[in-house]
Structure formats: C-alpha cells, structure tokens
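Trainee: Before we start, here is the structure in question, set down as structure tokens.
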Amino acid sequence: LMLAYMNQEAWQETCATGRVCYYSRSRDKLWRKGEESGNFQEVRAIYYDCDADTVLVKVTQHGGAACHEGYRSCFFRQLDTATGDVTVVGDRIFDPAEVYKTND
Numbered sequence: 001l002m003l004a005y006m007n008q009e010a011w012q013e014t015c016a017t018g019r020v021c022y023y024s025r026s027r028d029k030l031w032r033k034g035e036e037s038g039n040f041q042e043v044r045a046i047y048y049d050c051d052a053d054t055v056l057v058k059v060t061q062h063g064g065a066a067c068h069e070g071y072r073s074c075f076f077r078q079l080d081t082a083t084g085d086v087t088v089v090g091d092r093i094f095d096p097a098e099v100y101k102t103n104d
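Under this note's numbering, the first residue of the sequence shown carries the number 1, and numbering increases by one thereafter.
This is the structure we're talking about:
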C-alpha cells in the first residue's frame, strides 16, 4: 500500500496500540495514520528483514485509501520503461480537497 518512515517513538506506539503510526520527517512529528482522513491502518503482522533494520507491517486498511492523494495505494502510477509514459492504474477513492480541508 505504501512506504513510510518510523522512528523509535512511532514504532513503540504502533506496537502498543495495534494501529500504525509513522514519523513525518518533513513535519518533524508523529503521523498517526488516519488521524485526519479516518483511513487508519490496523496491524495484522510485523516482519523484519535479515539485518533487523527494516520492517514490513501487514495491515488491514480501514476507510479504503492509504494514500493522501485519495488512492488505495501510494503506488498508483505505472511507468512504461519502453516509452517513458506514466499511467494511473488505480481509482481515486476520495477527493483530498474534501478530506484535508484547512481553516485558512
């Protein structure tokens, strides 16, 4: 569905709550998946690699979309390596402008 970063605090919260929490390096804060959109991720299983420095979190995606652009997966664009053309291969589930309204 997506690729994201966890720091130690996000990792501990994920393990303690069973809901996936990431760390946003650009915003310098915890990113509790679904806190704005309602599209949260429930942990089903956690695997780690042979170096124990990367984790794969298998989730149940609640709300239908993992991507902040409104798609089920963040990987909704496919590159044709022969032509360089990019094709959107997923359906947008929600309109980000409606979900992430600001009070400006």
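Note that beta-carbon positions come from the ideal geometry of N, C-alpha and C, so glycine has one too.
With a cut-off of 8 Å on the beta carbons, I'd call Gly84 and Gly63 a contact; round off their distance for me.
Mentor: Wrong, their Cβ atoms sit about 34 Å apart, outside the cutoff.
Trainee: Could you check whether Gly70 and Phe40 sit closer than 8 Å to each other, using their CB atoms as the reference points?
Mentor: Taking 8 Å as the Cβ cut-off, Phe40 and Gly70 do not qualify as a contacting pair.
Trainee: So which of Ala97, Gly18 and Lys101 has the shortest CA-CA distance to Val57?
Mentor: Checked all of Ala97, Gly18 and Lys101; the closest Cα to Val57 is Gly18.
Trainee: Just checking my contact of Val20 with Lys29 at CB under 8 Å: how many whole Å lie between their CB atoms?
Mentor: In fact, because the Cβ distance is near 15 Å, the residues do not count as touching under 8 Å.
Trainee: Let me know if Tyr100 comes out buried or exposed under the rule of 16 or more other beta-carbons within 10 Å of its beta-carbon.
Mentor: Burial call: exposed.
Trainee: Based on the DSSP output, what are the partners of Thr87 in its beta bridges?
Mentor: Note: Thr87 sits in a beta bridge opposite Gln78.
Trainee: If I measure Cβ to Cβ from Pro96 and keep anything under 8 Å in the same chain, skipping five residues before and after, which residues do I get?
Mentor: Only His68, Glu69 and Gly70 meet the Cβ criterion.
Trainee: May I ask you to report which of helix, strand or coil DSSP gives Thr14?
Mentor: Note: Thr14 maps to helix in three-state DSSP.
Trainee: Spatial neighbours of Arg25 within its chain, please: CB distance less than 8 Å, with the 5 preceding and 5 following residues excluded, ordered by chain position.
Mentor: Tyr5.
Trainee: Does DSSP put Val20 in a helix, in a strand, or in coil?
Mentor: Val20 falls in the coil class under three-state DSSP.
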